[in-house]
Each structure stands twice: as structure tokens, then as C-alpha cells.
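One structure is given below, encoded as C-alpha cells.
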Amino acid sequence: MALPPLIADLRRRLGPKNVVHAPSELAVYDCDAFTVDRHRPDAVVFPHSTAQVVAAVETCSKHEVPIISRGSGTGLAGGCTPTKGGVVVMLTRMNHILELSLPDRLAVVEAGVPNIQLARHLAGTGYQYAPDPSSQGASTLGGNVATNAGGPHTLKDGVTVHHVLGIEAVLADGSILQVGPVEDPAVLDLQAVLCGSEGTLGIITKVWLRLTRAAENHRALRAAFTSVDDATATVSRIIAAGIIPAAMELMDRGILGAVEEAFHFGFPPDAGAILIIELDGPAVGLEEKQRQMVELCRSNGACEVLEAQTAKERETLWKCRKLSVGAVGRLSNSYMIQDGVVPRTRLPHILRRIAEIARHHQVRIVNVAHAGDGNVHPILLFDERDRDEVRRALAAGRELLDECIACGGSVTAEHGIGIEKIEFMERLFAPADLRAMRRLREAFDPHGRMNPGKLLPA
Amino acid sequence: MDTTRGDISNPPADHNPARNVDHHLFLECVHCGLCTATCPTFTELGDENDGPRGRIQLMRMVAENQSPLTDRMRRHLELCLDCRACETACPSGVEYGRLIEPFRVAVHETEQQAKVEQQFDWFREIVLYRLFPYAERLRAVLAPVRMAQRLGLWAAAERIGLLRLAPGRMGRMVRLLPPPVRQGPRLPRFLPAVGRKRAVVGFFVGCVADVMFRHTHWATLRVLQQNGCDVFIPEGQGCCGAVHLHAGSSRKAREMADANLVAFELDRCDAIVVNHAGCGAMMKEYGVHWHDGLQPHREKFAAKVMDVHEFLDDLGLLCPPGRIEEVATYHDACHLGHAQEVTEAPRNLLGTIPGLTLRDLPETEICCGSAGTYNLNEAAMADRLAQRKLDNIVATGANLVLAANAGCLLQIGREVRRRKLPLRVMHPMDLLDLSYRGECLV
Ligand SMILES: Cc1cc2nc3c(=O)[nH]c(=O)nc-3n(C[C@H](O)[C@H](O)[C@H](O)COP(=O)(O)OP(=O)(O)OC[C@H]3O[C@@H](n4cnc5c(N)ncnc54)[C@H](O)[C@@H]3O)c2cc1C
Ligand code: SF4
Ligand code: SF4
């Protein structure tokens, strides 16, 4: 049987080994970590170089099919789900660290390098690439840029866009755009535009990243509270006292159960919530800040405060937090994680509302939060085979995000819009804002081929 | 919106390759993808089909009758090393081994029953099934090769490329053979503790390990004795059965397991000690593979199995006295680190050797490509992984690589010889033994 022309062309341009098109092999590309919506692509290609990415884009243009970039597929918003079919461009074979220059504090990497690979190469050098999403063990740096990923240390270090010096990307017409890495005088900042563009403006092939000095001294502690309210109130008090921790994370009782089962860390079983707080900086004064912090936790009702004594203990504490979302698989066979943001002072309110919404829709919801940023991640548990439960979970998710908007917040801080949040865009942005974004997108991609149906509502 | 994925009210039929997989294990995978970047085959190939999440989805599609098992799907599943790095990475506790293993066994059984017009796989039938698991037969077959090695013909053959002429998998197997070392005499049935008696253990000998690494067995036994262990080495024990199970022959594996059940007197020993990770991992799982009348007994047996590092670390190692001024790096064998979750113990033990510098090995959690008989069946991928492993080893600057599994020792050893590197490849027990004996490396 003759191959469809699109497949034949892709095989010719990229080589047969770099094209997958059998239906049974396409199935695994039907979604990312957002499993509610699924759709198979027509083909998947695995370019080894920017030139091959150009070849893929040109072929897709010729056949007028959508192009969907994909890294490790850990996205939580359906960003790389091929809702309209088309060709998935996997960046995973472009996984080389091209240059590490510590004197210039610069790393140049291909888009498919996993975040952790860079971190491993930097271990022991005294330098770090700061953004550390919880998915760091798997997600690619290209994916991190495309979603403008954040992480627990965002509170102090900022998100991905603050650490990107330059981007190379292949645009819809097959041309290669390179912005940075030298700082151009402030004209139109295309780098910032590409950060968080979720594959709608171009395929990122290479990034120049800023390295920063890793803090030499850390103090990590965990404080357990009997109620979520006490924990959230403490967060505000700490910031009000003028201390900016490197990270301040909250986990509630529901998620602690899963974490404890996974890692046997020894969290107090009756705690309503715990905070993980990390301080860093010069040794002088750190001790004092730490003491103040413990004092603040205690005076705000912490029933137990434990300080990590060794680097290993600190590492384990972070491992528990970072893998906590993944560990919810122990509670339920499907989940949906939300990414709401509220002004920090509204944290107590939003967490109370989440509990009410869960009761009302009869959906189990557990919470983790980058509490210092007012970024809550309610995780809605359901069984994907139970249609009614899926419906209730979706409804609860929607209501909860509405509440975030009502509080003056937003529906995403770091996970992106994808397909999951698209319906909220019209409530988040004024018509004029959305129009400007659409025009920008059209300027990059006049035929609407780059990841169509994502990010901006039609 | 597509929310229903397959219908489980229709359980897999008798001919379905997923018939022996407990379906609930599939559901534990929440599709987060956090396992992808530590999977050796995904890291090399970048295709979700060659990663854990994809493989789980492929098997699940078959289980839920959404797709037959196509040749392509089968290839992706065959390429899996069963190294279980994904289990370590998975925060949801997905037991991947309990998905892929029964799945593969069923695929193989179906083939056998249907007697598909299939070529007689002489390598599998004769070498893997009839030769490998039986130490005596293997020793006999290897004798001429050993003789050639001793006479120096080997080096000559290697030099003029004769060995490369050996065909296919047989040739790969020959090239894996390490240069001969003094193996030591047959193992006795009992060795007494030196000094105060602290424990009584049964020692598992195995098949390939006994033929190629008997010197390591002797080293292990001496270390156990030095640490106050009475050691029984019962007769009648044999191969652990892993070779058969992983090649898809469950019945033969069970027979081997049950022979070991008979050989060891459980009540007499505190632990059954194993020094090669592949065997240890298999024996710790005796209780889960088969569900017949003997299962409770197999569970009891499995509960006593301990890796030698784990055992000694628990017992409290009596520090070895001899200085060894070397720079070493420790490679986590998949079947120790991932399957048995033993990672700290070997490092703790090695840390007690005076003078030894232990450097961290980058990507230590990624398989070296040995994976049981994988390196014989999946040559291309095995070679890629061996090279990746060696690059990482070289980057540490160590002159000594330690690994606690026969397959890894052979695989890394072969790559070291191929590149002609000045690197020693040893089992941690070999090194500890040297230190107890106050000898240094030659
Ligand atoms: C358990 C878990 C925890 C998580 N924790 C965090 C967290 O703490 N912080 C956070 O920010 N996110 C988090 N995420 C979300 C996700 O990991 C991030 O969005 C990550 O940046 C995605 O990287 P990826 O390589 O997997 O990209 P993918 O999922 O493959 O793609 C994500 C989006 O980026 C686009 N894209 C990918 N690569 C490219 C490219 N080279 N060029 C153009 N577009 C591209 C895709 O089209 C898609 O729209 C988490 C996810 C999981 C499953
Ligand atoms: S196996 Fe575990 S880590 Fe991998 S996708 Fe499934 S749940 Fe996530
Ligand atoms: S067992 Fe190893 S090779 Fe197989 S899917 Fe898991 S990590 Fe990959």
C-alpha cells in the first residue's frame, strides 16, 4: 500500500528512522499529562538538528497540516495534545548540552535536554540553573521555556523567562529566528514573547541560559500545623516580617498521606498542613533568620518545627515536595491539577473555598501550594472510567478557578493554558488584550499551523 | 471528549498477552511522564513508545482490547531492558516489572502453543535454556575457550580479529568473556566464622556467576567469614531462574526456583545471601510469580533472601584493615539499585576501606546495557548504552569500577577491553576481600 503523501515526504526529508506513523505507535502521542482529552497525530517526527526541524516545518506547510512541538510531554494543560491531528515534532533527539561556560555564566543547550541533565552537569561547580519545576527530573529545557516554567524556588529566583538569554526557533515559514544571547538594546523583546508561547509561535531548537551562583548556605525546615488556616496565616506573617525565604511550600493533609506512603518521611500523621521553608544566603545572619522563622512558626500555632540537620535531610525534604504531585497516583487513578494564583493574603480564603467546592461537587481535592507566591495547586482526584465523576471534577475545577479570578488572581501561574484553560482566557483578558495577542500570533504564523487550538480561543 | 479508554468489563481473553497482568496495576499509572528521562531506551531514542509511560499504554491498549499486539508494538516492548529505572523514578509507585514480565511470558507462551511457523531459535533453546543455567555444562563448553586463553591464543585471536568472525549472538557471548583469572577450587559445603560468631547464612551460588566469577564467590565467602558468619553452601541449588523467566519461560523458571526451595534449609540460617544482583532480585520475587500450592513457601524463602551488601551493612561491617590507595567509582546495577532498592549499603561498605577514594558516577541510575541476556539479543541498543556508561566512568577519572552483578561486570569489562582503557572492573566484594587480606591491587 502506498504511503500517504505527507508521510512519504516526511520520510524523504527526515529519513525513515525519524518518522513514526503506524496507528499503534501514534497512540502514545495522544495526550500529555493532561489525560482528559486525547487525539492521535498523523505522524511523529524526531529531528536531530535545526535543519531537520526546518525540513519538518516545510513539509507540514506544503501539506497544510498542524505542527505540534513536544518535549517530554509532562505538560499539565494538554499543550502538546494534537487536537486537530497533524505532525508532532519531538525534540527529544536534540538533547545535547552544546556549551557550558562558567566564567560567562552561560549554558547553551538544545531544546530537548532534560532540565535534570543540566543540573547534573552543574552539580559541584558552584553554579546552577535556577528554575526547578517539580517535573525537573523529566521535563525538557525547551518545554520549560515554552511554558515559562516555575518551581518552588521561583519565590526568590524568578521563573524561566528571567533566566533565558537567547532563543533559536524555527518559525512557521521555515525561517530560523535567533534572538539574543547578547543583550540587544530594549526594542521589542521577542525572547519574552517566546517564553510561555506553548509552541504557538515557533519551534524552539536551542536556548542560551543564564547560570547563577548556587547559594552556599541553606537552611530548610518543616513546620506542621493542626489546621490549613494556621499554616496560610503564617505565610503572610513571615512575608510581613520582611523575610523572603528562598522557597515556602505548603502541603495539606490529603497530599501528605500519599507522600508518606511513597517516601516514609515521617510527617506527623495528624497534621492539617505543613510548610516547607527554605532560607539561603551568606552564613552570617542566616542563623539569626532561621531562629526568627522558627519563632514565627511557633507563635502562629505550629505544633512541630523540625530543622533539616544535614544536606541529605534537606534533599529528602525537597524530594518529598517535588514528587508529591506524582505521588497522588497512590490515591486515585486519574487526577487533574489546577494552577490558580491569588494575592498571597487571600490564601486562607481560597483554601477554605476549595474545601467547600470539593464537598459541594463530591470530588476529593488535595492541595500543594507555592505558598509564598500565592500559587495553589489543588489536585482533583477522579476515576477516568467514571463519566459522572469526570464531569463533577471538571465542574469543580472550573468553579475553583472562577474563585481565583474573583479574588483578583489568575488561572495559571506556571502550567500554561494549553487546551485546558482556554475557556478562561476571555475572562482573564480584556477583548483588546486578546486581539493584540491574536495579531501577534498571526504575525508569526499567518496560516495558523503552529499548535492550533491552544493558548488563545478561536 | 474522549474519556473512556477501553472497556474493562471485557476482561482480556485467554489468548490476550495481558491475560496474566493484574489490571489494577495499569491504573496506577497517572501518565505524568516523570519516568521518561531516566529510562535508558527513551533517553537514547526519544520515542514515547520506547519509554515506560508509552510501554504501559501499549500494554494497556492490548489488555483493554483496543488494539491487537502488532509487530511494531512488540518491538518496543522487546527493547525494554526490564531495568526498572522507571520504578525508582515513578512517584506513584507503579510496579512496572509486574506489568512487563507477565506480559512477555504470555507472549512467549502463546507463540509456543500456536507453534507459529517460527524458525527454531537455537540460541534461545540451546544456549539460553540448556546451557546457561547449568554451571557444569557451561564450564564444559567454555573449557576449550579457556584453554585458548591460557595458551595465549586468545590474545592473538583477538588481535587478528578472529573473534569478530564468530557469528551473531554466539560471537557476542564469546567477546563478553573476561580474560581468565584464577578461579579457585570448588566451593565447599560449609565455611566457619572467623572470630566471634555473629550470624549463620546460606550462600547462593548461581550458574553463570559460578563459572565466570568463582573468584568473587571465594572473596565474598571470606568477607562473610571475617564478619563472623557461618556459611552453608547447600548442594542441590541451581540457577535462580531469571534467564528463563526473562526470556519468557515461566514453567522452567518455576522448576528452578523450586529446586532452590528444596536445597536451602530456611530454619537453619538467618539469611540467604546473594552476591549478584540479578539473582538476588529474582529470588526476592519468588513469592509473586506463581500462584500454586507452594506459593506460601516461596514467599517465606523470598523473605530471607538478602543481597550481600545489604546483609553486611545491616549486620554492621567489621572495618577492613588494609589500605587501598585507589580512585574508584561505583556503578549501581539495575537489579540492585532499582529492583532491590539497595544503593546506600555498597557505598557504606566501600567507604570503610582505608585509603579508597569513591567518586560519584554520573547517570549511575542508567543501565549499562547488559540486562541479563539483553546484550546478546539487542546488540545495537546494548552497545549504545555500554558506550554511554563508559563515557561517564571515564569522566570520573577513576581507575577502578565496581559493580555487584555478573552481567554489568562482563558488559563494562568488554567495553573497557575494546577501548583498551587502563581501568579495573571488580565486584565490591573482591575489593573488600583484598583489604581484609591486606593486599593491594596488582
Ligand atoms: C508531576 C508534575 C509536576 C509539575 N510541576 C511543575 C512545576 O513545578 N512548575 C511548572 O512550571 N510546571 C510543572 N509541571 C508542568 C510541566 O512539567 C512543565 O510545563 C514543563 O515545562 C513541560 O516540559 P516538557 O518538556 O514536558 O514539555 P511538553 O509537555 O512536551 O510541552 C509543553 C508545551 O510546550 C510546548 N513545547 C515543548 N517543547 C517545545 C519546543 N522545543 N518549542 C516550542 N514549544 C515547545 C508544547 O507544544 C506544549 O504546548 C509539572 C508537571 C508534572 C507532570
Ligand atoms: S509510570 Fe509512574 S512516572 Fe511513569 S507516567 Fe506512569 S505514573 Fe508517571
Ligand atoms: S524497565 Fe528500564 S528500559 Fe524498561 S521501561 Fe523501565 S526504565 Fe525503560
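For the record, the sequence lines run as chains A and B.
Going letter by letter, the first sequence gives residues 1 to 458 in this note's numbering.
Going letter by letter, the second sequence gives residues 459 to 900 in this note's numbering.
Each residue gets a CB set at the ideal place from its N, CA and C atoms; glycine is no exception.
Every value quoted in this text rests on a predicted model; they were computed, and no experiment measured them.
Below 8 Å on the Cβ atoms is my contact criterion, and I expect residue i with residue j to pass it. Report the Cβ-Cβ distance as a whole number of Å.
i	j	result
A/G397	B/C490	At roughly 17 Å, the Cβ-Cβ gap does not stay under 8 Å, so A/G397 and B/C490 are not in contact.
B/C687	B/V658	7 Å
B/L868	B/M884	That pair is no contact at about 13 Å.
A/Y129	A/L211	6 Å
A/I167	A/V109	Not a contact, Cβ separation roughly 11 Å.
A/P82	A/R40	7 Å
A/A215	A/D280	4 Å
B/L890	B/V681	5 Å
B/L794	B/D765	6 Å
With hydrogens ignored, establish whether the beta-carbon of residue i is closer than 6 Å to any heavy atom of ligand 1.
i	result
A/G174	no
A/A55	no
A/L380	no
A/E198	yes
A/S334	no
B/V488	no
A/H48	no
A/P133	yes
A/L76	yes
A/E278	no
Which one or two residues does DSSP pair with residue i in a beta bridge?
i	result
A/Y127	A/R213
A/H218	A/D280
A/W208	A/V108, A/G166
B/V763	B/I730
A/Q178	A/E168
B/C687	B/A657
B/Y788	B/L860
A/D460	Here chain A comprises residues numbered 1 to 458, so residue 460 of chain A is not present and cannot be evaluated.
A/V88	A/V44, A/I68
A/E304	A/A224
A/Y335	A/L381
B/L649	B/V689
A/A247	A/E278
A/I365	A/L380
A/T140	A/P114
Is there at least one non-hydrogen atom of ligand 3 closer than 6 Å to the beta-carbon of residue i?
i	result
B/A700	no
B/L816	no
B/C538	yes
B/C826	no
B/C544	yes
Alpha carbons only, please: which of the options is nearest the one belonging to residue i?
i	options	result
A/T74	B/A495, B/V479, B/T546, B/Y554	B/A495
A/G174	A/P131, A/L155, A/V54, A/L100	A/V54
B/L879	B/V852, B/P886, B/Y832	B/V852
A/I276	A/S299, A/P245, A/E260, A/G301	A/P245
B/L905	A/S139, A/T205, A/A215, A/L188	No statement about residue 905 of chain B is possible, as the shown extent of chain B runs from 459 to 900 and does not include it.
B/G694	B/R647, B/I870, B/L752, B/G653	B/R647
B/D841	B/N850, B/C826, B/L816	B/C826
B/L816	B/Q684, B/Q845, B/G855	B/G855
A/A77	A/R11, A/D32, A/L91	A/D32
A/E58	A/R391, A/N217, A/I203	A/I203
A/A247	A/L221, A/K421, A/F265	A/L221
Examine ligand 2 and report whether any of its heavy atoms sits within less than 6 Å of the Cβ of residue i.
i	result
A/V328	no
B/C497	no
A/R353	no
A/C320	no
B/L492	yes
A/C80	no
Counting only Cβ-Cβ distances shorter than 7 Å, please list the residues of the segment 833 to 858 of chain B near chain A, keeping chain order. none
When you check each C-beta in the segment 542 to 554 of chain B against every C-beta of chain A, which residues fall closer than 8 Å? A547, C548, P549, S550, G551, V552
Counting only Cβ-Cβ distances shorter than 9 Å, please list the residues of the segment 80 to 101 of chain A near chain B, keeping chain order. M90, L91, T92, R93, M94, N95
Counting only Cβ-Cβ distances shorter than 8 Å, please list the residues of the segment 483 to 497 of chain B near chain A, keeping chain order. L485, E486, C487, V488, H489, C490, G491, L492, C493, T494, A495, T496
Near-chain B residues of the segment 28 to 58 of chain A (beta-carbon distance less than 9 Å), N- to C-terminal order: V28, Y29, D30, C31, D32, A33, F34, T35, V36, D37, R38, H39, V44, F46
When you check each C-beta in the segment 109 to 130 of chain A against every C-beta of chain B, which residues fall closer than 9 Å? Within the segment 109 to 130 of chain A, the qualifying residues are G112, P114, N115, I116, Q117, R120, H121, A123, G124.
Short-range partners of chain B found in the segment 129 to 154 of chain A, where Cβ spacing is below 7 Å: S135, G137, A138
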